[in-house]
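J.:
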Amino acid sequence: MRLDAELALSLFRIVQEALQNAAKHSGAEGALVKLNGEPGLVRLVIEDSGCGFLTDVERRGNYRGYGLILM
8 MRLDAELALS LFRIVQEALQ NAAKHSGAEG ALVKLNGEPG LVRLVIEDSG CGFLTDVERR
68 GNYRGYGLIL M
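Encoded structure:
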């Protein structure tokens, strides 16, 4: 799969931020990054072994940042 430079940089920045967040907030001992796709579709999955968070907090709007929304 070949990506244009702008998309590749955006994906890199998303992975970079997600891994920094996992290291800072989750207590994770490891993380897994998977990138795959096909023409017209890119799928990026980032998983860590950390404590997680309550997604209903984001749905209610009681959050302090925009990171997950903008990613």
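First residue of the sequence shown: 8, per our numbering; consecutive thereafter. Ideal Cβ positions, reconstructed from N, Cα and C, are used throughout, including at glycine.
Which residue or residues does DSSP assign as beta-bridge partners of I53?
T.: The partner list for I53 (beta bridge, DSSP) reads V40.
J.: Distance check for E36 and L48, CA to CA, integer angstroms please.
T.: One C-alpha to the other measures close to 30 Å.
J.: I53 to N28, Cα distance in whole Å?
T.: When rounded, the distance between both Cα atoms is 11 Å.
J.: Excluding the five sequence neighbours on either side, which residues of its own chain have a C-beta within less than 7 Å of the C-beta of A38, listed in chain order?
T.: The residues are L26, A29, I53, E54, D55.
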